[in-house]
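Notes follow the structure.
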Amino acid sequence: MKTNDTSRREFISATLLAGLAVTGCSSGKNPFEPDAATIETVKPSGEMIKLLSVDGEVIEVDKAFLKPVPSLPQVSNELARQGIPGKKFVMVIDLSRCKSLKKCQSACNHMHSIHPGQNWIKVYPQHEAEHTAPYWQPTTCMHCDEPPCVKVCPVDATFKRQDGIVLIDSDRCIGCRFCMAACPYSTRVFNWEDLDLPKEIADKPYSCETSVPQKKGTVGKCDFCPDMARKGELPHCVSACPNGVFMFGDMNEDVVTNGSETFRFSDLVRDKAGYRLMEDLGTKPSVYYLPPVNRNFPFENKEEKEENKKS
Amino acid sequence: MESLAKEQIIKDLLPQKFGKAGKIWVGILLAFCTLGVIAYILQLKNGLVVTAMRDYVSWGIYISNFVFFVAISLVGSLITAVLRLTQAKWSTPLTRIAEIIAVSAITFASIIIVVDMGRPDRFYNLFIHGRLQSPIVWDVIVITTYFFVSILLLYFPLLPDMSIMMQRKDQTGMLWLNKLYAYLGKFWKNTAAQIHISEKAINILSITIIPVAFAIHTVTSWLFATTYRPGWDSTNFGAYFISGAFLVGAGAVVVAMFVFRKAYHLENYIKDDHFDKMGKVLVLLALLYLYFNVNEFLVPAFKMKKSEEEHLMGLFTGEFAYVFWFAISTAMLIPIFILIQKKGRKPLPAFIAGLLVVIGSWFKRYLIVTPTLLHPFLPMHDVPESYKHYFPTWQEWAIAMGSLAGALLVVTFFARIFPIIPIQETITEIEEHEQA
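Residue numbers (numbering that gives the first Met the number 0), protein chains in the order written: chain S, 0 to 310; chain G, 0 to 435.
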């Protein structure tokens, strides 16, 4: 009798924890609610796990009552179109730290299951003029404040959110590709064919915040990983870069971080003379670049070397 | 005497059954259309991957074909409206040719733009989620308007002709045709009141269609000019497109005049004088288009901004030089040279000049779309090698050629069903002439 009692209390606290994770999400049904059947059938295993309760107490829970937590329930299309209130997301890319390892690219491609060969993040070998130094320039979507792509979209499939992020709704896109013509940063890619995704990815419920799975006949691009932002985590490119090239943050809080270092955004951009790409076009990007001075690595263009070898 | 002449005119102009050449012609066009439909089914099944378009060249010959169709359809407004309102009486026999070219071209412009869509199944989104700020939505609005105004401009002048044809059931042949005429034009009694209303309506439509025609091609040019890309970012684009459109449309009319005259023995109606006059119109339009081309290329070439340089050099001496100079010479220089001479405005040379204009203009549209996309601001990078070039696949050619064949088929069938030269108007004009 007594054991039963404890296990129920433990169970309740576990549910509470899970419930906490759900608050803030508006979808009506709580996906963490265990159905009655599971409560009846689960037998305590005797192996206890320590957890931190809501009040900050350390509690012990039988392992049998824990179940893998599914990722956060998806926000509705309406909320995904509004964005996260009070935020203004920005990215700072420090060109002096990039050596074109392309870990950002592979992480992004993997997490978004992008069509092989296509990339949302590109790393350009830049060489402005004859006597200037070459450097690597990673590009994401610029999430412009005056986005040319959004202006031309005939069906509001690509839109600007209040938190500054420009997203694509692949359930609405008609595939006219006007946005691709309009984007001066060539950041958009098109899903020319069926993606042949593994079943578990293909079956994921689509959301414009995760951009997964990509859909045939629609446009895709870097989305600043708003699903990660909702969880309070960094975009995949930021956490994948071993050199801390990418810094992501909130302009309203005036903070950007690459995971290990955190900077005051305004100071960083002012002190290091940050700039944005193609400022003269008036697109007002949300991505800032720090000039490639005092570089951490020499510029070695392996791709070019390989090409030269071939030819 | 007069009534005999009238009977003769009617006999000459009534639609005729296809001869042997006509049947072969229709067969060839149908074959092209079928091939296009097959290619489109493949595209629907596999996606736009069957085209050679990729992330950089995201618009290819579908879009240039669309621009070509919209351009050619402008001639409806030129011949029927501009020449009508300026009282250029000589153009009467050409109005219907021009108007059916306009209707058929604008129809296929709409079809080809749906073919270009990645998700044609979501076409309805344009209506439930359409946003007025997008030039595509403007295009949808003005093209639809132009289509209906053109249909009406084709239909109203047909009414008296249909009553003439209904009176001659024995000569027009098939029964279903008569049913069609009856369905479309039975209410027409040729009373003075009806003629008055019809004339008034045609006048209103002629005035309406001019701004609408300007709008369709200006908006089409804005699909490009509202972007930042070198080669498209030009304030010259609206006028440049419109002048080119009038040129290619007039060229198409000259070609059609020649073919119809030959096929239906219309030498008494489409006279050498018509070729002479249309030849002069073509020279004027070609010079005008040349002028806008000089503006479009020479001014940026003088400055050679870095972003423009690659694009311009690609056209002048680089990758696209052959196509560029071919298009400039066939669409403008050679036709001007031919048509500026009196001998050159005889039917055959004028026909050749018109054909050159049409062919050159098709390639010109290709040059407007593709080279710009191959010269983005940031160099092409981090994409498979095949993404850095564009040459249409057989499916794209099949669909593009199929749509051109389809447009010709519409014109051909129209001429089979309806008189391609307005009968009633021709009679009225001759009567007026004799009275005077």
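Glycine included, C-beta positions come from ideal geometry on N, C-alpha and C.
Keep in mind it's a predicted model, so treat the numbers as computed, not measured.
Limits of the unbroken beta strand (DSSP E) element including K178/G: That residue, K178/G, is in no beta strand (DSSP E); its alpha helix (DSSP H) goes L174 to G184.
- prompt: Among S112/S, R80/S and A106/S, which has the Cα closest to the Cα of K198/S?
  reply: The shortest C-alpha separation from K198/S is found at S112/S.
message: On the DSSP bridge list, what partners appear for F296/G?
response: Beta-bridge pairing links F296/G to no other residue.
message: Using C-beta distances below 7 Å, list every residue in its chain close to S402/G, excluding the 5 sequence neighbours before and after it, in chain order.
response: G35, N64, F107, I110 and I111
- prompt: Exposed or buried, what is A406/G when buried is set at 16 or more other beta-carbons lying within 10 Å of its beta-carbon?
  reply: buried
field: Reference L51/S; option with closest CA among K301/S, P204/S, G45/S and V60/S
entry: Selected option, being the one with the closest Cα: V60/S.
message: Given a cut-off of 7 Å on the beta-carbon distance, is the pair L355/G and P334/G in contact?
response: yes
message: Below 8 Å on the Cβ atoms is my contact criterion, and I expect C172/S with R118/G to pass it. Report the Cβ-Cβ distance as a whole number of Å.
response: 7 Å
- request: Note down, in chain order, all residues in the region 29–45 of chain G with a beta-carbon under 8 Å from any beta-carbon belonging to chain S.
  value: N45
message: Can you look up S238/S in the DSSP assignment and give me helix, strand or coil?
response: Of the three classes helix, strand and coil, the one that applies to S238/S here is helix, per DSSP.
- prompt: Given a limit of 8 Å on CB to CB distance, which residues of the region 53–70 of chain G reach chain S?
  reply: R53, D54, Y55, S57 and W58
query: In chain S, what lies closer than 9 Å to G313/G by C-beta?
result: Under the 9 Å cutoff, chain S gives no residues; its nearest Cβ is about 17 Å from G313/G.
query: What separation, rounded to the nearest whole angstrom, lies between the Cα atoms of T425/G and D232/G?
result: 47 Å
message: Does any residue of chain S have a CB that is nearer than 7 Å to the CB of F376/G?
response: yes
- prompt: Who are the Cβ neighbours of R415/G in its own chain at under 7 Å, not counting the five residues just before and after it?
  reply: P14 and F17
Reference F67/G, options A330/G, I420/G and I339/G, closest by Cα: A330/G
task: Run the CB neighbour count on Y39/G, radius 10 Å, all protein chains shown included, and call it buried at 16 or more, exposed below.
output: buried
query: S206/S: beta carbon under 6 Å from a heavy atom of the ligand ATP?
result: Although the ligand ATP was asked about, the structure shown includes no ligands whatsoever.
query: Would you say V154/S reaches chain G, if we count a Cβ-Cβ gap shorter than 7 Å as a contact?
result: yes
- request: Verify the CB distance criterion: does G117/G have a CB-CB separation below 7 Å to chain S?
  value: Yes, contact with chain S.
message: Quick test of the definition: if touching needs 3 or more C-beta pairs under 8 Å, does the region 291–302 of chain S touch the region 251–270 of chain S?
response: no
- request: Take G129/G and list the residues in its own chain whose beta-carbon comes closer than 8 Å to its own, dropping the five residues that flank it on each side.
  value: If we look at G129/G and ignore the five residues flanking it on each side, its Cβ neighbours are V136 and V139.
Rounded C-alpha distance that separates S72/G from I100/G: 6 Å
query: Do you know offhand how far P72/S's Cα is from V293/G's?
result: 59 Å
message: So the candidates are L43/G, P348/G and L366/G; which of them puts its Cα closest to the Cα of F319/G?
response: L366/G
message: Can you check which of these residues, F146/G, F31/G, F274/G and N267/G, is closest to A4/G by C-alpha distance?
response: N267/G
field: G27/S to A79/S span [Cα, whole Å]
entry: Interpretation of G27/S is limited by its pLDDT of 49, a score under 50 that renders its predicted location unreliable; no figure is taken from the coordinates.
- request: Kindly list the residues whose CB is nearer than 6 Å to the CB of C140/S, restricted to its own chain and excluding five residues on each side of it in sequence; keep chain order.
  value: T186, K220 and C221
- prompt: By DSSP, does I167/S sit in helix, in strand, or in coil?
  reply: strand
message: Can you give me the C-alpha to C-alpha distance between E431/G and D160/G, rounded to a whole angstrom?
response: 18 Å
field: Cβ contact check for the region 139–153 of chain G and the region 199–208 of chain G: 3 or more pairs under 8 Å
entry: yes
Test: I135/G CB closer than 7 Å to a CB of chain S: yes
message: For the region 42–52 of chain G against the region 382–397 of chain G, do three or more pairs of beta-carbon atoms, one drawn from each stretch, fall closer than 8 Å, so that the two count as touching?
response: Three or more Cβ pairs closer than 8 Å define a contact, and the region 42–52 of chain G meets that threshold against the region 382–397 of chain G.
field: Alpha carbon of E198/G to alpha carbon of S242/G, nearest angstrom
entry: Cα-Cα distance, rounded: 29 Å.
- request: Identify which residue in A399/G, Q423/G and L157/G has its Cα closest to the Cα of I62/G.
  value: A399/G
query: Three or more C-beta pairs closer than 8 Å, one from the region 165–180 of chain S and one from the region 237–254 of chain S: is that the case here?
result: Because the criterion of three Cβ pairs below 8 Å is not met, the region 165–180 of chain S and the region 237–254 of chain S do not touch.
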